[in-house]
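Report on the structure given below.
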Amino acid sequence: MADNQKLSEVEHVKDASRYLRGTLAESLENPITGALYPDDTHLIKFHGSYQQTDRDLDSERKRQKLEPLYSFMIRVRVPGGVATPAQWLRMDELADEYANGTLKLTTRQAFQLHGVLKRDLQQTIQGFNEALLDSIAGCGDVNRNVMLNPNPHQSRVHAEAYEVARHISTHLTPRTSAYWELWLNGEPQFSSAPNEGEEDAEPIYGKTYLPRKFKIALGIPPHNDTDIFANDIGLIAVEENGRLAGFNVAVGGGMGMTFGMSDTYPRLADIIGYVPAGQVVDVCEKIVTIQRDWGNRENRKFSRLKYTLDRVGLDVFRGELHQRLGYALEPARPYQFRSSGDAFGWAIQADGRAHLTLFVEGGRVADRPGSELKTALREIARFHQGDFRLTGNQNLILANIAPEHRLAVQALLQEHGVPVEANDALTGLRRGALACVALNTCTLAFAEAERYLPQLLDRLDGVMRQLGLSQDDILLRMTGCPNGCARPYLGEIGLVGRAVGRYNLYLGAAFNGERLNKLYQEMLDEDGIVAALTPLLADYAQGRQPQERFGDFVIRRGYVHATTHGLDFHQ
Ligand code: SRM
Ligand code: SF4
5 MADNQKLSEV EHVKDASRYL RGTLAESLEN PITGALYPDD THLIKFHGSY QQTDRDLDSE
65 RKRQKLEPLY SFMIRVRVPG GVATPAQWLR MDELADEYAN GTLKLTTRQA FQLHGVLKRD
125 LQQTIQGFNE ALLDSIAGCG DVNRNVMLNP NPHQSRVHAE AYEVARHIST HLTPRTSAYW
185 ELWLNGEPQF SSAPNEGEED AEPIYGKTYL PRKFKIALGI PPHNDTDIFA NDIGLIAVEE
245 NGRLAGFNVA VGGGMGMTFG MSDTYPRLAD IIGYVPAGQV VDVCEKIVTI QRDWGNRENR
305 KFSRLKYTLD RVGLDVFRGE LHQRLGYALE PARPYQFRSS GDAFGWAIQA DGRAHLTLFV
365 EGGRVADRPG SELKTALREI ARFHQGDFRL TGNQNLILAN IAPEHRLAVQ ALLQEHGVPV
425 EANDALTGLR RGALACVALN TCTLAFAEAE RYLPQLLDRL DGVMRQLGLS QDDILLRMTG
485 CPNGCARPYL GEIGLVGRAV GRYNLYLGAA FNGERLNKLY QEMLDEDGIV AALTPLLADY
545 AQGRQPQERF GDFVIRRGYV HATTHGLDFH Q
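The numbering of the sequence shown is the numbering used here, which starts it at 5 and goes up by one.
Below is the structure:
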């Protein structure tokens, strides 16, 4: 299909890039500017980095006739969100040495560093490599970090699903040696690197890679904490006798849309069948190749798999998949998701191993007055023998803590002012809330999110407490623009930035991530948000049925209509 299309600019840049090299080497060496050459700003994304400016300083720098303060965000993939203590320590050091001193835990279980200067990019990436981490395919038109439910309690199925997640991740990692050549002096030190002597070729992607970003998540019912339906491919683990048997396969999820363009919309993935675990990598590969061949390369606003699917129809897509596989998917198996958030606090297993899920506001690991989370975690990483699990909700699980370390972990957190039991310390609204990065680094933000949400929640917490709802879990998600990085259309309350200080309010998503929300009111400022939500929450406190979730309640009471498919999101 791509042949008849007038290709977008990015397609030409990829085509001419010699497998993602472009003129990046020259751009990096140019001492005159902190920026890259324009074409290279597209290519560096495939290496895991975005060129950004400090937007707080943009106008002042312009007034002083200085170029914007360019710096780079770097995203480090962590398949399944599982990092070792040594990796945590390395990221912590690199944040201080080359970035803004904070670590961002993302909504896709990855790490981000912000504020890295061009001259420090190479050393930073070399630092990842020393800890067996990489940033290749953190961003760009390829498969991104593969997500997996981080729950350590279902440890056997988790371990098996984790192997699948890693396998998918490695299989779909670009093969180009450009990453190793540009950042690591050609000296890869671990397994996702191409084999020695391997030709630069991309057997799965081809030289223009995919039309757009591509995302895969694995979920283990009953927890949908990776929001699998928001992904291009969502894999729902099916368990048999305590072992991983296979996956229900869902395709065509995505959140992004553009204001004023109702032909762009968030969409949840459709389940198309079941595949035994041994064949799932093959299924992912073939779905990727269909999107490679059929996706729109002319207009990037319509390039995601969700639009390909709605253009050709599910049946045609499934037929093509079966043909490329040489076998058919089996009928989907029964499953049930009950929740999509994280469960906080200590969980101690019969065998003595303990897991502690910590609330990380906005996913930002930093030291703040009165709460030195970054320092506490660094000290824990020095003796912890289990792992650090990044959740898809920007939180952190200290998993598999040895019995003899439990007290020390608790004491260190308390000493540094970090609330250990988020369930006691925070309202249900706050502990489930997500906010994307937005200002000051995101170039696409219209409004604040991560920096502002805590302030809005101070007011909403008051409302929740007054209404006796402080321990009710209600999913609230805020983003600074409609791209959807904190999956706001899956919020029972979704706030999406329209302009500085103004948000659209969406209501009615399902608590288990299986229904999108719907626009309720537009362009609200803070007073408007509080005024719009207070009567709804009061009605909920009074009029809900037993166990009824807020997202279901607002639909039953007729505040919004249920969204049944991405195509009716705007209706
Ligand atoms: Fe995102 C672009 C941050 C998860 C949909 N996202 C961006 C950029 C890179 C802005 C840019 O293109 O210049 C943001 C960088 C901000 C910064 O300063 O760090 C950005 N996205 C993030 C993160 C860090 C949000 C967070 O606070 O955690 C998440 C990093 C994930 C990761 O580790 O890989 C992040 N982004 C998501 C998600 C959620 C998910 O994947 O589950 C989505 C919605 C799902 C989807 O893809 O549909 C998402 N980001 C987008 C889009 C819209 C894509 C679309 O199809 O329309 C953009 C803009 C684009 O691609 O053109 C975008
Ligand atoms: Fe930036 Fe928009 Fe994503 Fe927020 S949702 S990080 S503002 S692109």
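The C-beta atom is built at its ideal place from N, Cα and C for all residues, glycine as well. Note that the coordinates shown come from a computational prediction; the quantities given were computed from them, not determined experimentally.
For this session: Would you mind reading off the limits of the beta strand (DSSP E) that contains E33?
Result: Per DSSP, E33 belongs to no beta strand (DSSP E); it is in the alpha helix (DSSP H), 28 to 33.
For this session: Would you kindly work out how many angstroms separate the C-alpha atoms of A165 and N155, rounded to a whole number?
Result: 11 angstroms
Problem set entry | Secondary structure of E134, DSSP reduced to three states | helix
Exercise. If G345 sits next to G436, beta carbons under 8 angstroms apart, how far is it from one beta carbon to the other, in whole angstroms?
Worked result: 5 angstroms
Exercise. How many angstroms separate the CA atom of F341 from the CA atom of K66?
Worked result: 51 angstroms
Problem set entry | Rounded distance between the beta-carbons of A135 and L117, thought under 8 angstroms | Contact doesn't hold; Cβ gap of about 13 angstroms is too wide.
Problem set entry | Length of the line joining the Cα atoms of T262 and P215 | 18 angstroms
For this session: Compare the C-alpha of A87 against each of Q113, M77, T106, A221 and name the closest.
Result: Q113
Problem set entry | 8 angstroms CB neighbourhood of L537 in its chain, flanking five on each side removed | L464, V467, I497, L509
Problem set entry | Residue range of the alpha helix (DSSP H) that includes P89 | 89 to 102
Exercise. In three-state terms, what does DSSP make of Y493?
Worked result: helix
Problem set entry | Unbroken beta strand (DSSP E) run spanning M259, endpoints | Element bounds for M259: n/a, residue is neither H nor E.
Exercise. Do you know offhand how far Y74's Cα is from Y278's?
Worked result: 47 angstroms
Exercise. Is D391 helix, strand or coil by DSSP?
Worked result: strand
Exercise. Measuring from the CB of V1, is there a heavy atom of the ligand SF4 at a distance below 6 angstroms?
Worked result: Residue 1 falls outside the range modelled here, since the chain spans only 5 to 575, and no answer is possible.
For this session: From the DSSP output, in three-state form, read off F348 for me.
Result: coil
For this session: Closer than 6 angstroms by C-beta to Q353: which residues in its own chain qualify, once you throw out the five before and the five after it? Chain order, please.
Result: none
For this session: Could you pull out every unbroken beta strand (DSSP E) segment of at least 3 residues lying fully inside the stretch 100 to 173, listed in chain order?
Result: 107 to 109, 115 to 120
Problem set entry | Straight-line Cα distance separating L329 from V14 | 30 angstroms
Problem set entry | Collapsed DSSP secondary structure at V80 in the structure displayed | strand
Exercise. Is D556 helix, strand or coil when you go by DSSP?
Worked result: helix
Exercise. Any heavy atom of the ligand SF4 within a distance shorter than 6 angstroms of the CB on G484?
Worked result: yes
For this session: Put S375 into one of helix, strand or coil per three-state DSSP.
Result: strand
Problem set entry | 8 angstroms Cβ shell around V424 - same chain, five flanking residues per side excluded | G349, W350, L360, L362, Q414, L417, Q418
Exercise. Unbroken beta strand (DSSP E) runs of length 3 or more, entirely within the stretch 52 to 78: which are they?
Worked result: 53 to 57
Problem set entry | Rounded distance between the beta-carbons of I276 and G333, thought under 8 angstroms | The identity of residue 333 in the sequence shown is Leu, whereas the question assumes Gly. The Cβ separation is near 6 angstroms, so the contact holds.
Exercise. Is N427 near the ligand SF4, judged by its Cβ being under 6 angstroms from some heavy atom?
Worked result: no
For this session: Measure the beta-carbon distance from A221 to I232 and round it to whole angstroms, keeping in mind my assumption that it falls under 8 angstroms.
Result: 5 angstroms
Exercise. Going by Cα to Cα distance, which pick from L523, Q158, T45 is closest to K576?
Worked result: Because the chain in this structure spans residues 5 to 575, residue 576 falls outside the shown range and cannot be described.
Exercise. Closer than 6 angstroms: is that where the CB of L448 sits relative to any heavy atom of the ligand SF4?
Worked result: yes
Exercise. With DSSP run on the structure shown, which of helix, strand or coil describes K522?
Worked result: strand
Exercise. Would the C-beta of G264 count as close to the ligand SRM, meaning under 6 angstroms from any of its heavy atoms?
Worked result: no
Problem set entry | Between the CA atoms of H51 and G131 - distance to the nearest angstrom | 15 angstroms
Problem set entry | When R179, L125, I224, V168 are compared against Q158, the one with the closest alpha-carbon | I224
Problem set entry | 7 angstroms Cβ cutoff met for I405 and A451 | no
Exercise. Counting along the chain, where does the alpha helix (DSSP H) carrying E185 start and finish?
Worked result: 182 to 187
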